[in-house]
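Worksheet: one structure, shown below.
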Amino acid sequence: MAISTDPPSIALSPPPGAAIKDPPADLRWFVFILFFVFGGITSLNDVLIPKLKPLFTLNWAEAMTIQFAFFAAYFLVSLPAAAILKRLGYMRTAVVGLLTMMAACLLFIPASTSGLFGAFLGALFLLGAGITIVQVVANPLISMLGRPETAHSRLTFAQAFNSLGTTIFPFVGARLLLGALKDAPGPMTVLEETAYRAQETQVLVQAYAGLAAALLVVAAAVWLRRKRLVETAPPTQSILASFALLKQQRFAFGALCIFVYVGAEVSIASLSTNYLMEPRTLGLAAREAGQLLVFYWGGAMVGRFIGAAVLRMVRPDFVLLAAAMVAGALLVISALGAGPVAGYALLAVGFFNSIMFPTIFSLASEDLAEHRAEGSGLICMAIVGGAIVPLLTGLLADRAGLALALAAPFACYAVIAAFALFCARRKAAT
Numbered sequence: 325m326a327i328s329t330d331p332p333s334i335a336l337s338p339p340p341g342a343a344i345k346d347p348p349a350d351l352r353w354f355v356f357i358l359f360f361v362f363g364g365i366t367s368l369n370d371v372l373i374p375k376l377k378p379l380f381t382l383n384w385a386e387a388m389t390i391q392f393a394f395f396a397a398y399f400l401v402s403l404p405a406a407a408i409l410k411r412l413g414y415m416r417t418a419v420v421g422l423l424t425m426m427a428a429c430l431l432f433i434p435a436s437t438s439g440l441f442g443a444f445l446g447a448l449f450l451l452g453a454g455i456t457i458v459q460v461v462a463n464p465l466i467s468m469l470g471r472p473e474t475a476h477s478r479l480t481f482a483q484a485f486n487s488l489g490t491t492i493f494p495f496v497g498a499r500l501l502l503g504a505l506k507d508a509p510g511p512m513t514v515l516e517e518t519a520y521r522a523q524e525t526q527v528l529v530q531a532y533a534g535l536a537a538a539l540l541v542v543a544a545a546v547w548l549r550r551k552r553l554v555e556t557a558p559p560t561q562s563i564l565a566s567f568a569l570l571k572q573q574r575f576a577f578g579a580l581c582i583f584v585y586v587g588a589e590v591s592i593a594s595l596s597t598n599y600l601m602e603p604r605t606l607g608l609a610a611r612e613a614g615q616l617l618v619f620y621w622g623g624a625m626v627g628r629f630i631g632a633a634v635l636r637m638v639r640p641d642f643v644l645l646a647a648a649m650v651a652g653a654l655l656v657i658s659a660l661g662a663g664p665v666a667g668y669a670l671l672a673v674g675f676f677n678s679i680m681f682p683t684i685f686s687l688a689s690e691d692l693a694e695h696r697a698e699g700s701g702l703i704c705m706a707i708v709g710g711a712i713v714p715l716l717t718g719l720l721a722d723r724a725g726l727a728l729a730l731a732a733p734f735a736c737y738a739v740i741a742a743f744a745l746f747c748a749r750r751k752a753a754t
């Protein structure tokens, strides 16, 4: 599929991979808000799982289809999103993504009325599609807002706003959405079961309707500022040509690491509430356990603010290697330990996750130059790891329990450590 540059006034600016000189003062804050919004809404999935799992009587593999439906959108929508970005430019494409997210939030209303789990999965897929579009805009744009040598630090700082969203939203979501389900009134007919589920999911309808209203406001604000960034047309090319970037060893390895990183992060977050409810760990009620996710995502937020400074002084490949090794060690401690040690070791992984996505993204993209937009599309496709790895983790949890299921994210961190070593050796060789 060729990407048309007609009309010529609509497309990327500056040429992909270049730095934007003297950008408008509010442009960075625009990107920070995007990171905050899509991070926060994504993390609400971690609250949806303990809400919908008992309501629809799901096992762990079935419950993880919540993450599968959401993150599958990254695989299917990322390259089309890159094509839209080339056609419409950053600001207009961001509006498309925000309005798609708004429509998805409104779909929670008919999903609740139908009482069908599949309807919720459909809404989550569309929500993931909108977030994919926004993320394809945000990652390359923040990389270009300044000097190339500080891209690692700048993207890490922007990701801190993503973590601010993932810290606030699950905490508020746990308080609003997680509570004891009303006891089902014994055996029910299909109509009675539908009515029961519709009643129990009304709180989801109210929450996501509120998010839809907020997204409309953000989309309107971005639309009104769409001319703040002067945009010029890129050359026409086939979007499928983007896959040629996978011939570059560093980029291909980095894309794999994005796949496993997102898979590990999402798997841990998805299991955390139920993990902390187990008598072996903290034995908490659902709402209290869900609120403790603030430490997992809050650790990532703090780590990213710290990491933004550290990455200005320490080579990113060294920082990534250390973070991956410590995260893996914490998983071992949690799986083999008990009580508060097991519970808080799992939550502490969030702090060491903090710099991984932006550092992997920047390391993988170092040699892309003018192909940064296409690279962003492919890397966002790799976020489909958030669909695959949690599903595998859920299957393992069904067979071996939550503690041994942590072996799946542990393997992911081993791959990331190997990538960090690869980058360090490439650096030494040059």
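Residue numbers (my numbering): 325 to 754.
Note that the Cβ used here is the ideal one computed from N, Cα and C, for glycine as well.
Everything numeric in this text was worked out from a predicted model, so none of it was measured.
Note down, one range per segment and in chain order, each alpha helix (DSSP H) of at least 4 residues found wholly within the region 389 to 426. The qualifying runs are 389 to 412.
Checking 7 Å against the spacing of the C-beta atoms, do Leu-660 and Phe-493 come in under that value? Within the sequence shown, residue 660 is the residue found at index 336, counting from 1. Within the sequence shown, residue 493 is the residue found at index 169, counting from 1. No Cβ-Cβ contact shorter than 7 Å links Leu-660 with Phe-493.
Can you name, in chain order, every residue of its own chain whose Cβ lies under 6 Å from the Cβ of Ala-543, other than the five neighbours on each side? As a first step, residue 543 is located in the sequence shown; it is residue number 219 there, counting from the start. Within its own chain, the residues whose Cβ lies closer than 6 Å to the Cβ of Ala-543, once the five positions on either side in sequence are excluded, are Val-419, Leu-422, Leu-423, listed in chain order.
May I ask you to report which of helix, strand or coil DSSP gives Asp-330? Translated into positions along the sequence shown, residue 330 becomes position 6. Any reading at Asp-330 must be qualified, since the residue scores a pLDDT of 30, below 50, and its modelled position is unreliable; the value itself is stated next. For Asp-330, the secondary structure class from DSSP, reduced to helix, strand or coil, is coil.
If distances are taken between C-alpha atoms only, which option among Gly-622, Leu-655, Glu-690 comes closest to Tyr-737? For this step, residue 737 is matched to residue 413 along the sequence shown. Ranking the options by Cα distance to Tyr-737, first place goes to Leu-655.
Cutting at 6 Å between CB atoms, please list the residues of its own chain near Leu-448, excluding the five before and the five after it. Within the sequence shown, the letter at position 124 stands for residue 448. Cβ neighbours of Leu-448 beyond the five flanking positions: Ala-393, Phe-394.
For a test of the three-state rule: what should DSSP assign to Pro-603, helix, strand or coil? If you number the sequence shown from 1, residue 603 lands on position 279. Reduced to three states, the DSSP call for Pro-603 is coil.
Separation of Met-512 from Met-680, as counted between CA atoms: Residue mapping note: residue 680 aligns to position 356 of the sequence shown, counting from 1. Residue mapping note: residue 512 aligns to position 188 of the sequence shown, counting from 1. Looking at the two C-alpha atoms, the distance is approximately 48 Å.
Using beta-carbon positions only, say whether Ala-531 and Leu-502 come within less than 7 Å of one another. Indexing the sequence shown from 1 puts residue 531 at position 207. Indexing the sequence shown from 1 puts residue 502 at position 178. The Cβ-Cβ distance between Ala-531 and Leu-502 does not fall below 7 Å.
Inter-residue spacing [alpha-carbon to alpha-carbon] between Leu-715 and Met-388: As a working mapping, residue 715 is identified with position 391 in the sequence shown. As a working mapping, residue 388 is identified with position 64 in the sequence shown. So the alpha carbons of these two residues sit roughly 5 Å apart.
Rounded Cβ spacing between Tyr-398 and Thr-491 (contact assumed at less than 8 Å): Stepping through the sequence shown from its first residue, residue 398 is reached at position 74. Stepping through the sequence shown from its first residue, residue 491 is reached at position 167. With a Cβ gap of about 22 Å, Tyr-398 and Thr-491 do not count as contacting.
So the alpha helix (DSSP H) Thr-366 belongs to, where does it begin and stop? Position 42 of the sequence shown, counted from the start, is the residue given in the question as residue 366. Per DSSP, Thr-366 belongs to the alpha helix (DSSP H) from 351 to 367.
Per DSSP, what kind of secondary structure is Met-649 in: helix, strand or coil? Your numbering for residue 649 matches position 325 in the sequence shown. Reduced to three states, the DSSP call for Met-649 is helix.
Reducing DSSP to helix, strand and coil, say where Phe-380 ends up. On the sequence shown, residue 380 is found 56 positions in, with the first residue counted as 1. Phe-380: coil per DSSP, three-state reduction.
By DSSP, does Phe-746 sit in helix, in strand, or in coil? Within the sequence shown, numbered from 1, the residue matching residue 746 stands at position 422. Here Phe-746 carries a helix assignment [DSSP, helix/strand/coil].
As a quick exercise: from Leu-479, Ala-522, Phe-354, Thr-605, pick the residue whose alpha carbon is nearest that of Arg-628. Sequence index remark: in the sequence shown, residue 628 carries index 304 (1-based). Checking every option, the nearest Cα to that of Arg-628 belongs to Leu-479.
Between which residues of its own chain and Ala-653 is the CB-CB distance below 6 Å, once the five residues before and five after are set aside? Counted from its first residue, the sequence shown places residue 653 at position 329. Answer for Ala-653: no residue qualifies.
Outcome for Pro-733 when other beta-carbon atoms lying within 10 angstroms are tallied against a minimum of 16: As a working mapping, residue 733 is identified with position 409 in the sequence shown. The residue is buried, with at least 16 neighbouring Cβ atoms inside 10 Å.
Taking 8 Å as the cut-off, does the region 376 to 391 touch the region 700 to 708 (at least 3 CB pairs, one atom from each stretch)? Output reads no: the region 376 to 391 does not touch the region 700 to 708.
Could you work out which residue in Trp-621, Gly-699, Val-626, Gly-446 is closest to Leu-409 when comparing CA atoms only? Taking the first residue of the sequence shown as position 1, residue 409 is located at position 85. Its Cα nearest to that of Leu-409, the residue Gly-699 stands out among Trp-621, Gly-699, Val-626, Gly-446.
Which term fits Asp-330, buried or exposed, when burial requires 16 or more other beta carbons within 10 angstroms of its beta carbon? Taking the sequence shown and counting its residues from 1, one reaches residue 330 at position 6. Only weak support is given to the placement of Asp-330: the predicted model assigns it a pLDDT of 30, under 50, and the value that follows is read from those uncertain coordinates. Taking a 10 Å sphere around the C-beta of Asp-330, we find fewer than 16 other C-beta atoms and assign the residue as exposed.
What first and last residue would you give for the alpha helix (DSSP H) that runs through Leu-569? Along the sequence shown, read from residue 1 onward, the residue named residue 569 stands at position 245. No alpha helix (DSSP H) contains Leu-569, which DSSP labels as neither H nor E.
What residue from Ala-729, Val-546, Ala-428 has the CA that sits closest to Ala-385's CA? Locating residue 385 in the sequence shown gives position 61, counting from the first residue. Closest option to Ala-385, Cα to Cα, is Ala-729.
Entirely enclosed alpha helix (DSSP H) segments - the region 689 to 737, minimum 4 residues: Counting only runs of 4 or more, we get 696 to 706, 709 to 724, 726 to 729.
At the level of alpha carbons, what is the spacing between Val-461 and Arg-574? Here the question's residue 461 lines up with position 137 in the sequence shown. Here the question's residue 574 lines up with position 250 in the sequence shown. Roughly 22 Å separates the two Cα atoms.
Neighbourhood of Asp-641 by C-beta, 7 Å cutoff - its chain only, sequence neighbours within 5 removed: Taking the sequence shown and counting its residues from 1, the one referred to as residue 641 is at position 317. Spatial neighbours of Asp-641 in its own chain (CB-CB distance under 7 Å, excluding positions within 5 residues in sequence) are listed in chain order as Leu-687, Ala-744, Cys-747, Ala-748, Lys-751.
Suppose only complete runs of 4+ residues qualify. What are the alpha helix (DSSP H) ranges in the region 477 to 552, listed by chain order? Here the runs fully enclosed are 514 to 524, 526 to 548.
Quick one: measure Cβ to Cβ for Ala-536 and Met-649, integer angstroms, because I've assumed they're closer than 8 Å. Counting from 1 along the sequence shown, the entry for residue 536 is found at position 212. Counting from 1 along the sequence shown, the entry for residue 649 is found at position 325. By a beta-carbon distance limit of 8 Å, Ala-536 does not contact Met-649. Their separation comes to about 42 Å.
Same chain, Cβ closer than 6 Å to Val-586, five either side skipped, listed in chain order: Residue mapping note: residue 586 aligns to position 262 of the sequence shown, counting from 1. Contacts found: Ile-707, Gly-709, Gly-710.
Outcome for Thr-567 when other beta-carbon atoms lying within 10 angstroms are tallied against a minimum of 16: Stepping through the sequence shown from its first residue, residue 567 is reached at position 243. Note that residue 567 is Phe in the sequence shown here, rather than Thr. Here Phe-567 is exposed: its Cβ has fewer than 16 other Cβ atoms, across all protein chains shown, within 10 Å.
With distances taken from CA atoms, which of Ala-428, Phe-360, Ala-633 is nearest Gly-452? Taking the sequence shown and counting its residues from 1, the one referred to as residue 452 is at position 128. Answer by Cα proximity: Ala-428.
Quick check: the region 615 to 629 against the region 512 to 525, are there 3 or more CB pairs under 8 Å? Remark: fewer than three beta-carbon pairs, one from each stretch, lie closer than 8 Å, so the region 615 to 629 and the region 512 to 525 are not flagged as touching.
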